[in-house]
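Remember, the numbering used here sits 421 above the position in the sequence shown when you count from 1. From the three backbone atoms N, C-alpha and C, an ideal C-beta is built for every residue, glycine too. Values in this document were obtained by computation on a predicted structure and should not be read as measured data.
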Amino acid sequence: MGSNRRYAETLQRRRLNREAERAALVPDSLTEDERGAEVHRGSPVPVRAWVTFAGQPVRVLATAIEWTDVAIHVVWPGLGDEGRDAWVWIGAVERIEP
């Protein structure tokens, strides 16, 4: 009995496509030099934040979890069970009032 080569190729293509999609969904994040080393933590705060993906800005509903004098670390739900996070400039974040 032979193998179904086309089926195996389809599975491999799907796997590679998923990997490429995950890589494309990685947000741009500030470096430690850009954000500063002194990080403050407090209670999580709901925010709207502008995050860039490969240079394209996208507004996300997120939670601010820590900050520096010039940047905020935000987290938000991603596809499936994967959460996303990024350090963004403080001016890219707006607090959501309850």
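Closest by C-alpha distance to P465, out of T431, E487 and V491, is E487.
Where D454 is concerned, there is no enclosing beta strand (DSSP E), although the alpha helix (DSSP H) around it starts and stops at E453 to R456.
In the DSSP assignment, D506 forms a beta bridge with V496. Per the C-alpha coordinates, the member of A470, E459 and E430 positioned closest to D449 is A470. Burial of H494 is indicated by the presence of at least 16 other C-beta atoms within 10 angstroms of its C-beta. Residue pairing by DSSP places Q477 opposite F474 in a beta bridge. Assignment of T431 by DSSP, reduced to helix, strand and coil, places it in the helix class.
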